[in-house]
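Structure first, commentary second.
In this note's numbering, the protein residues as written are 636 to 881.
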């Protein structure tokens, strides 16, 4: 009976190790893609918006490492490997819980976004970095102005908008196109609502991925002690734990 229980626990651990490995790779790739997407509009947001996606990348890598440790420890039923796996998993779990708690208390839409957009917009003609940031975000997110193409009337009196507002844009500096209500020619949505939704979506997705990772690692950490192993004496166990932590 004990043999069957051991095989069943090992089978479950192998399943969860495989899930952790796949999910770890998924987290790493998704976190990297979100970071690259945020870089499109990083000129307009606070640096803390990167913290959660960066952690997702780190967590994905740690999940891959933990899953490999868990797989080797389960196969060999090696005490040191399993303790290393358990300690590293618990450490990541604590960080995950702290970060998910922090994320839930934050305002993902960043209340100062409109103020930052207005300040940068007013410098469009004066500052190269502001001009580059606006042209980049308008092209990549398919938006125009703060609230719409009409905002560009501040600079262009002949019903024109920057080329980056147009569906067929050119890389030529200072290029313009005729403003028209046709969305197939000029983007009609303002950048403020587009970026607000984008930031909110990123925050929600990343928070959900972190919560799923926390659940998977909690289940695996719970299963691990149920695997029968030939554990050394308690003094040796303590020495091994101190070696791993220290």
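We put the CB at the ideal spot given by N, CA and C, even for glycine.
{"Asked": "Starting from the N-terminal side, write out each stretch of the alpha helix (DSSP H) that is 4 residues or longer and does not extend beyond the region 712-784.", "Found": "714-739, 748-757 and 763-776"}
{"Asked": "Does DSSP classify residue 807 as helix, strand or coil?", "Found": "coil"}
{"Asked": "Okay, do the region 796-805 and the region 721-731 touch, 3+ Cβ pairs below 8 Å being the bar?", "Found": "no"}
{"Asked": "Where does residue 770 land, buried or exposed, given buried means 16+ other C-beta within 10 angstroms?", "Found": "buried"}
{"Asked": "According to DSSP, is residue 852 part of a helix, a strand, or is it coil?", "Found": "helix"}
{"Asked": "Could you spell out where the beta strand (DSSP E) holding residue 821 opens and where it closes?", "Found": "Taken as a continuous stretch (DSSP letters only), residue 821 belongs to no beta strand (DSSP E), as it is neither H nor E."}
{"Asked": "Roughly how many angstroms lie between the CA atoms of residue 798 and residue 814, to the nearest whole one?", "Found": "10 Å"}
{"Asked": "Going by beta-carbon coordinates alone, are residue 838 and residue 662 separated by less than 8 Å?", "Found": "no"}
{"Asked": "Using a Cβ-Cβ cutoff of less than 6 Å, which residues in the same chain neighbour residue 755 once the five nearest sequence positions on both sides are dropped?", "Found": "765"}
{"Asked": "Can you tell me which of the three DSSP states residue 796 falls into?", "Found": "strand"}
{"Asked": "What do you reckon, are the CB atoms on residue 669 and residue 841 nearer than 8 Å?", "Found": "yes"}
{"Asked": "Just to confirm before moving on: does the CB-CB distance between residue 689 and residue 848 stay below 8 Å?", "Found": "no"}
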